[in-house]
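Numbering (the numbering used here), first residue to last: 138 to 406.
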């Protein structure tokens, strides 16, 4: 995902619309989700990201954020981390409902579930705010129809950073009520707390370590294989790079625009 950039107000206003902040939810002092109004006619595929702009010191500073809302929602929601001394996020952290947020007219990105031609399992590996695209993907009923198992693996430092637990629980309940065939597995991987719940879905350690030693598969009860598994990895570039290497060792190949492949990745830095 691309980094922060700055442009003149006149230049930016030609490719973006001025929307309004609707809502902010703070998960921790550094993590928040926020919603904006949705531009008329704005389209995106679950898993894509938007570029947002804020007016700072007479210019527009823009940054990319994955969309966490469903494709059919009448608002756009995003999941963000506040970066100390970060120009964009420092301003974002000060915004109140009603304040202006610019949304570029185009959506971006290729990490979407519809690019996989087949597969029984969809593994979604994330560190930190890399979880965002999966929140959107899992709100699309068709993904529950396509796959037998949906596995969300979220790596964080502290338990308080495990966002969207209520959303996942709601989706599991909705799946039962509407007889969606897929099963949702949520694996929480915490690296800096030793006293974790002794319960299914809780793991101590980095995603890559747990993938390498087989504990991810053991915890989910599923085997990762080129034949049946399709994998997304999003977040810390070091994690993403190592996941690519581990998947290649298992005989998997990256997804190509022309088709084929079992995994797709996106860096969040």
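Where is the CB? At the ideal position from N, CA and C, for every residue including glycine. The structure presented is a predicted model; accordingly, all values stated were derived computationally and were not measured.
Is residue 309 helix, strand or coil when you go by DSSP?
-> helix
When the Cα atoms are used, what is the spatial distance from residue 246 to residue 270?
-> Distance between the alpha carbons of residue 246 and residue 270: 10 Å.
Interface flag, residue 186 vs chain B, CB-CB below 8 Å | Structure shown: chain B not included; a single protein chain is present.
Under three-state DSSP, which class holds residue 376?
-> Of the three classes helix, strand and coil, the one that applies to residue 376 here is helix, per DSSP.
DSSP state of residue 301, grouped into three classes?
-> Three-state DSSP puts residue 301 in coil, outside helix and strand.
Cβ neighbours of residue 232 in the same chain (closer than 6 Å, five flanking residues each side left out) = 158
Expressed to the nearest angstrom, what Euclidean distance is found between the alpha-carbon atoms of residue 142 and residue 318?
-> Approximately 43 Å, taken between the alpha carbons.
Return yes when the Cβ of residue 207 is within less than 8 Å of the Cβ of residue 186, no when it is not.
-> no
Please state if the CB of residue 357 and the CB of residue 256 are separated by a distance shorter than 8 Å.
-> no
The beta strand (DSSP E) enclosing residue 121, as first and last residue numbers = Outside the modelled stretch of the chain, which goes from 138 to 406, sits residue 121, for which no answer is possible.
Residues near residue 330 in its chain [Cβ-Cβ closer than 7 Å; skip 5 each side] = 295 and 296
Mind checking whether residue 216 and residue 203 have CB atoms under 8 Å apart?
-> yes
Hey, would you say residue 254 sits closer than 8 Å to residue 388, going by beta carbons?
-> no
Compare the beta carbon distance of residue 404 and residue 363 with 8 Å and say whether it is the shorter of the two.
-> no
Per-residue burial, residue 172 [other beta carbons within 10 Å of its own, 16 or more giving buried] = buried
Buried/exposed call for residue 193, threshold 16 Cβ in 10 Å | exposed
Taking all protein chains shown into account, decide if residue 145 is buried (16 or more other Cβ within 10 angstroms of its Cβ) or exposed.
-> exposed
What are the start and end residues of each continuous beta strand (DSSP E) run of 3 or more residues lying completely inside the segment 204-273, in chain order?
-> Within the segment 204-273, the runs of beta strand (DSSP E) that reach at least 3 residues and sit entirely inside it are, in chain order, 212-218, 237-241 and 258-264.
7 Å Cβ shell around residue 323 - same chain, five flanking residues per side excluded | 289, 305 and 338
Provide the residue span of the alpha helix (DSSP H) that contains residue 281, from first to last.
-> Run containing residue 281: 278-283, per the alpha helix (DSSP H) assignment.
State the DSSP-derived secondary structure class of residue 172, mapped to helix, strand or coil.
-> strand
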